[in-house]
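Protein chains in written order, with my numbering: chain A, 21 to 292; chain B, 4 to 253; chain C, 763 to 1130. Quick reminder that beta carbons are idealized off the backbone N, C-alpha and C, glycines included. Since the model is a prediction, treat every value here as computed from it, not as a measurement. As structure tokens, the structure follows; a few thoughts come after it.
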Amino acid sequence: MTHHRQRVLSNPGRILLVVTSLLGAMAFLWPFLVSTTGSPDSAHGHDAPLLLLVLAPLLLVLLAVEVSRGRIDARGIAVLGILAACGTALRIPSPGVAGLEPLFFLLVLAGRVYGPGFGFALGGLTILVSGIATGGIGPWLPFQMLAAGWVGVGAGLLPAGGGRAERWMLAAYTAVACLLYGTVMNLWFWPFGAGGATSISYVPGGGLMTNLRHFVAFDLATSLGFDVPRSVLNAALVLLVGAPVLVALRRAASRTALGPVVPSRSEVAEPA
Amino acid sequence: MAASLFGAAPGAAPALGAAERTIAVVVEFGSGQGLPASFALCVKEPSGATDAQALTDALVSRGLPAPTYSSAGLLCTIAGYPSTGCGARAPGGYSYWAYFHGGSSRWTYATDGPAERRADPAVPEGWRFEPSGHGNPSDAAPDRPSATASICPSTASPANQPASPASTTIPPSTVGVTTTTTSASTATTTMAPPAATVPVTRVTDRTAERPAAPAAVRPSAGSLTGTMVAVAALGLLITIGVVLTRRRRS
Amino acid sequence: MRRERTPHAVAWWIWAAGLALAALRTSNPLLLALLAAAIVVVCVARTPRDLQQSPLATFARVALIIILVRVVLQIVFGQRLPGHVLFTLPSVPMPSWAEGVSIGGPVSIEGLLSAITGGLRLAVVLLAFGAANALASPRAVLRSLPGLLHEVAVAITVALCFAPEVLASVRRIQQARLLRGRPTTGIAGMRGIAVPVLEDALDRSIQLAASMGARGFGRRPVSVSLARERTALATLILGSMILLVGGYGVLAGSSVVPGAAWLAGLGLAAVCLGVGLSGRRAARTRYRPAPVGLRSVACGASGWLSALLVVIAGVADASSITWSPWPLSWPQVTPLAFAAVVIALVPLLVAPGEARVAAARGTKIAVS
Chain A
21 MTHHRQRVLS NPGRILLVVT SLLGAMAFLW PFLVSTTGSP DSAHGHDAPL
71 LLLVLAPLLL VLLAVEVSRG RIDARGIAVL GILAACGTAL RIPSPGVAGL
121 EPLFFLLVLA GRVYGPGFGF ALGGLTILVS GIATGGIGPW LPFQMLAAGW
171 VGVGAGLLPA GGGRAERWML AAYTAVACLL YGTVMNLWFW PFGAGGATSI
221 SYVPGGGLMT NLRHFVAFDL ATSLGFDVPR SVLNAALVLL VGAPVLVALR
271 RAASRTALGP VVPSRSEVAE PA
Chain B
4 MAASLFGAAP GAAPALGAAE RTIAVVVEFG SGQGLPASFA LCVKEPSGAT
54 DAQALTDALV SRGLPAPTYS SAGLLCTIAG YPSTGCGARA PGGYSYWAYF
104 HGGSSRWTYA TDGPAERRAD PAVPEGWRFE PSGHGNPSDA APDRPSATAS
154 ICPSTASPAN QPASPASTTI PPSTVGVTTT TTSASTATTT MAPPAATVPV
204 TRVTDRTAER PAAPAAVRPS AGSLTGTMVA VAALGLLITI GVVLTRRRRS
Chain C
763 MRRERTPHAV AWWIWAAGLA LAALRTSNPL LLALLAAAIV VVCVARTPRD
813 LQQSPLATFA RVALIIILVR VVLQIVFGQR LPGHVLFTLP SVPMPSWAEG
863 VSIGGPVSIE GLLSAITGGL RLAVVLLAFG AANALASPRA VLRSLPGLLH
913 EVAVAITVAL CFAPEVLASV RRIQQARLLR GRPTTGIAGM RGIAVPVLED
963 ALDRSIQLAA SMGARGFGRR PVSVSLARER TALATLILGS MILLVGGYGV
1013 LAGSSVVPGA AWLAGLGLAA VCLGVGLSGR RAARTRYRPA PVGLRSVACG
1063 ASGWLSALLV VIAGVADASS ITWSPWPLSW PQVTPLAFAA VVIALVPLLV
1113 APGEARVAAA RGTKIAVS
């Protein structure tokens, strides 16, 4: 495995992926990170959206580095573009902030077949392309791109295996990843969405436990009703449609000589 | 008028013959200039009232301006202090009103807001102005003792005191230099007839005494010209928008 | 070089970003309403499209939903700060683990006003994004990405071109299955449609890859030096790391990381430098590049000048940009804040009436 490790370490795209993911994690988790050191007035927390101005270009650069420096070559770009088109088509019947997007099922399967770097690129790109196609580029876009990218990375990092066990593992991962995606996006929305003057708002200086409690209440009250059906739908799709889709993806992978057909364990730590 | 509803205690309506309890409130201005170092107030609240309600009632009953809050719900001023800024950056931290829960031995930094906290006779509410605080439990607590017994020793027999001083409004800059327990008990006596009075009359009484807090705290609020001009401009912009939309459609 | 007739697509996005920042800086409902009106007027006056289908309308709907959600959250979970009580909801006792979370209780005018104002602030941000989507198609922005992003831009273009085809393919297979009396809905339908569509799409991708390869895609220009590329990447990575530390410092307050704002700025500069260094490696020509001139500069600058004026107005008189319903008072708009709104309208003067943005717009995906 040493040669594998060397390749991972010598790939600057991986380092950039980790650093950008950390920046993104900070952009999501800032209410908890600064819950005892931030300004006492949560109105000052409105400086946090400025992170978006940094995160968006950095994400694009990361995508570029993944695409041009990673294992994705000219043929890979064609597959990436067309899978992103499929993902966009899956999202279009359910546009908007919260919907039953069956996108994740494709994202998980593709990430599984083509590896974490491709999974990240596909997740980010699909969100970006559907944003462009529907004229829906909003402040949430970089955050959605990052979160969907993480779902793809996670799928690429799952342990090797095959047959029925693989499908159950992928379905379980899809269910968890979908829920986490919803929670993380809600975490982004929470400090602004709930305002400052409710009992489920972000409390500056309130400490970790208070803020966690408030966030859980906000999550339960606003979006769990959307997140659970989406998670169930995507996991069911992986179970029922997963096998033939995996076969199709693997055949294309062998024809384009793209990525690991059966992914080996990678050394990159999964970003938080 | 809606103003007559001001100060209607939360939970007052559903409470059947809610027993009133004495809530101890400690306010410390710290090193604020031209201000008293601290004062303690004791106020009667029906059960179910919040700490925020107790603070408002305590201040208003003494003729002081009601506390103001930021749009995010952070307490900005007590008795009109400070005159500018709300949780503003200050050298080494932020200047803001820190909120504490009392107890038999010490003050603890509150992690909840005064509006979420049910006023509790055993837990005095403490407010200390931090000129350069950090917004976390490392900020200094009030100097006064934290136990109800030492803040409001007269709790046992409030009805014996003469009911008068509430009407004499004390401007914030001259609130006695050492407003200690003596003046605290005067605040208690505002609610002189304890058992017989229904909450509603208590509320209207208080409204009558309440000084024009908005005008006192925000001098600019008096003039309406800025508002009128802005509303007119808004109307103009909306008209332009509607006209353009019509023309597009035809 | 062609003459500049309309502001560059990127300029519109810069204008919108500035106005979104301006909105985030204020909690004055009157100023927010003025900013919203200015954004809508500029968008309506300078968009050729029908308003009903404009992204502005979509974003306005989302903005309304957000205001509603905030009002509902305020009514159900609102903090019970003393105020003019409108009505009282029965309060629900909460379990001990949810201590601090309260449901129900008296609903005050002040609480509702604070929810509406907070929602309005988000609404203005959304309107700014909606206006940018309507005024300058993201596809037009795609054409002016720096060279480093060339491959990404290609992947995005491929996806944008194929998305309508995927939808058409879905429809075709749906019809075929209907004719054969097979299910087209539910899990069975999904399975019967998804697999052929995906196989079809993957076959196309292989064809596409072959034709891209035949046209020299993926070939590295000879002039690129490897050392320069490595330097660019190293600068990028270093920059993003500095940005990480600086960004945390800015969020957590200056006491945690000294000089956090400077660090964040330095990191950002390093990232830009990295992009610039690697950007020059793409030796490709652009077909009819959109010219950048005074119109674009004026358009982009007006948004940020507006944000700057809001900040200055706040420094001059904090009560002009911050407003709170506790206690109730009329919101004031000072001349400086007013100037911010007027400056936001500058694109009306710089951009010609019948914007030719439409020409740059690509095909729209049919949603049936």
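Do the stretch 771-787 of chain C and the stretch 1062-1069 of chain C touch if we need at least three Cβ pairs shorter than 8 angstroms? yes
Under a Cβ-count criterion, where at least 16 other Cβ atoms within 10 Å of its own Cβ denotes burial, should C/R976 be classed as buried or exposed? Taking the first residue of the third sequence as 1, we reach residue 976 of chain C at position 214. Correcting the residue type first, residue 976 of chain C is Ala in the shown sequence and not Arg. C/A976 comes out exposed.
Could you give the distance in angstroms between the alpha-carbon of A/S41 and the alpha-carbon of A/P162? Position 21 of the first sequence holds residue 41 of chain A. Position 142 of the first sequence holds residue 162 of chain A. Straight-line Cα distance between these residues: approximately 12 angstroms.
How big is the Cα-Cα spacing for C/A1153 and C/L796? Residue 1153 of chain C lies beyond the range of chain C shown here (763 to 1130); nothing can be said about it.
Is C/A1026 closer than 8 angstroms to B/L240 when the C-beta atoms are compared? Here residue 240 of chain B is taken as the residue at index 237 of the second sequence, counted from 1. Here residue 1026 of chain C is taken as the residue at index 264 of the third sequence, counted from 1. Not in contact: B/L240 and C/A1026 (Cβ atoms no closer than 8 angstroms).
Alpha carbon to alpha carbon, how far is A/G183 from A/A268? Position 163 of the first sequence, counting from 1, holds the residue named residue 183 of chain A. Position 248 of the first sequence, counting from 1, holds the residue named residue 268 of chain A. If I take the Cα positions, the gap works out to 15 angstroms.
Among C/A921, C/L813 and C/G840, which has the Cα closest to the Cα of C/P868? Residue 868 of chain C sits at position 106 when you count from the first residue of the third sequence. When only C-alpha atoms are compared, the closest one is C/G840.
DSSP beta-bridge partners for B/D123? Position 120 of the second sequence holds residue 123 of chain B. In DSSP, B/D123 forms a bridge with B/V126.
Using 8 angstroms as the threshold, is the C-beta distance between C/L904 and A/V149 below it? As a position in the third sequence, residue 904 of chain C is number 142, starting the count at 1. As a position in the first sequence, residue 149 of chain A is number 129, starting the count at 1. The answer is no: Cβ separation not under 8 angstroms.
List the residues of chain C whose Cβ lies closer than 7 angstroms to the Cβ of B/Y72, in chain order. Along the second sequence, read from residue 1 onward, the residue named residue 72 of chain B stands at position 69. Chain C residues near B/Y72: L843, S1086 and W1088.
Please tell me whether A/G172 and A/G131 are closer than 8 angstroms, where the distance is taken between their beta carbons. The count along the first sequence starts at 1 and reaches residue 172 of chain A at position 152. The count along the first sequence starts at 1 and reaches residue 131 of chain A at position 111. Yes, the Cβ-Cβ distance between A/G172 and A/G131 is below 8 angstroms.
Using a C-beta to C-beta distance shorter than 7 angstroms, which residues of chain B count as neighbours of A/P224? Translated into positions along the first sequence, residue 224 of chain A becomes position 204. The contacting residues are G138.
Between the stretch 910-928 of chain C and the stretch 229-239 of chain A, do at least 3 Cβ pairs fall closer than 8 angstroms? no
Which residues in chain D have a C-beta closer than 9 angstroms to the C-beta of B/A43? List them in chain order. No chain D is part of this structure, whose protein chains are labelled A, B and C.
Skipping 5 residues on each side, what residues in its chain have a beta carbon closer than 8 angstroms to that of B/W130? For the purposes of this step, residue 130 of chain B is taken as residue 127 along the second sequence, with counting starting at 1. V28, V29, V30, E31, L58, L78, I81, W100, A101, Y102, F103 and P145, listed in sequence order.
Neighbourhood of C/I1105 by C-beta distance below 8 angstroms, restricted to the same chain and skipping five residues each side: As a first step, residue 1105 of chain C is located in the third sequence; it is residue number 343 there, counting from the start. If we look at C/I1105 and ignore the five residues flanking it on each side, its Cβ neighbours are S1064, L1067, S1068 and L1071.
Shorter than 8 angstroms from the beta carbon of B/G90 to some beta carbon of chain C? Taking the first residue of the second sequence as position 1, residue 90 of chain B is located at position 87. By this cut-off, B/G90 is not an interface position.
Identify, in the order they occur along the chain, each residue of the same chain with its Cβ nearer than 7 angstroms to the Cβ of A/T22, setting aside the five sequence neighbours on each side. Here residue 22 of chain A refers to the residue found at position 2 of the first sequence. At A/T22 the pLDDT is 39, less than 50, meaning the model places this residue with poor confidence; the figure from the coordinates comes in the next sentence. Within the same chain, A/T22 has no close Cβ partners at all.
Check the DSSP bridge columns for C/W1088 and list the partner residues they point to. The residue you call residue 1088 of chain C lines up with position 326 of the third sequence. The partner list for C/W1088 (beta bridge, DSSP) reads B/Y72.
Under 7 angstroms from the C-beta of B/E119: neighbouring residues of chain A: Here residue 119 of chain B refers to the residue found at position 116 of the second sequence. What B/E119 touches in chain A: S219.
Assuming A/A104 and A/T146 make a contact with CB atoms under 8 angstroms, what is their CB distance in whole Å? Numbered from 1 along the first sequence, position 84 holds the residue referred to as residue 104 of chain A. Numbered from 1 along the first sequence, position 126 holds the residue referred to as residue 146 of chain A. About 5 angstroms; that satisfies the 8 angstroms criterion.
Report the three-state DSSP secondary structure of C/H846 (helix, strand or coil). For this step, residue 846 of chain C is matched to residue 84 along the third sequence. Three-state DSSP puts C/H846 in coil, outside helix and strand.
Sequence-distant residues of the same chain with beta carbon closer than 7 angstroms to B/V245, five excluded per side: Position 242 of the second sequence holds residue 245 of chain B. Taken in chain order, the list of residues that qualify is empty.
Cα separation between C/A1014 and C/G1008? As a position in the third sequence, residue 1014 of chain C is number 252, starting the count at 1. As a position in the third sequence, residue 1008 of chain C is number 246, starting the count at 1. So the alpha carbons of these two residues sit roughly 10 angstroms apart.
Short of 8 angstroms Cβ to Cβ, which residues in the stretch 103-117 of chain B face chain A? T114, D115 and G116
Are there any heavy atoms of the ligand FMN lying less than 7 angstroms away from the beta-carbon of C/Q937, as far as the coordinates show? The ligand content of the structure shown is nil, which means the ligand FMN is not present either.
If you pair each beta-carbon of the stretch 993-1004 of chain C with each one of the stretch 935-955 of chain C, do three or more pairs fall below 8 angstroms? no
Exposed unless 16 or more other CB atoms sit within 10 angstroms - verdict on B/P49: Position 46 of the second sequence holds residue 49 of chain B. B/P49 is buried by the Cβ-count criterion.
Helix or strand or just coil, what does DSSP make of C/I837? Position 75 of the third sequence, counted from the first residue, corresponds to residue 837 of chain C. Looking at C/I837 - three-state DSSP - the assignment turns out to be helix.
Assuming A/E121 and A/L129 form a contact by the criterion Cβ under 8 angstroms, report the distance between their Cβ atoms to the nearest whole angstrom. Within the first sequence, the letter at position 101 stands for residue 121 of chain A. Within the first sequence, the letter at position 109 stands for residue 129 of chain A. That pair is no contact at about 15 angstroms.
Using 8 angstroms as the threshold, is the stretch 870-878 of chain C in touch with the stretch 892-906 of chain C, meaning 3 or more CB pairs across them? no
Count the other CB atoms within 10 Å of the CB of C/A989; is the residue buried (16 or more) or exposed (fewer)? For the purposes of this step, residue 989 of chain C is taken as the residue at position 227 of the third sequence. Label assigned to C/A989: exposed.
Rounded distance between the beta-carbons of C/L1030 and A/V85, thought under 8 angstroms: Here residue 85 of chain A refers to the residue found at position 65 when the first sequence is read from its first residue. Here residue 1030 of chain C refers to the residue found at position 268 when the third sequence is read from its first residue. Not confirmed; about 17 angstroms, so no contact.
Ordered along the chain, which non-local residues of its own chain (more than five positions away) have a Cβ less than 6 angstroms from that of B/S98? One-based indexing of the second sequence puts residue 98 of chain B at position 95. Contacts found: A91 and P134.
For C/R883, does the count of other Cβ atoms within 10 angstroms reach 16, so buried, or fall short, so exposed? The residue given as residue 883 of chain C occupies position 121 in the third sequence. Looking at its Cβ environment, which holds 16 or more other Cβ atoms inside 10 Å, C/R883 is buried.
Looking at C-alpha atoms only, which residue of A/W160, A/F124, A/G169 and A/P136 is the closest neighbour of A/G144? Position 124 of the first sequence, counted from the start, is the residue given in the question as residue 144 of chain A. Minimum Cα distance to A/G144 is reached at A/G169.
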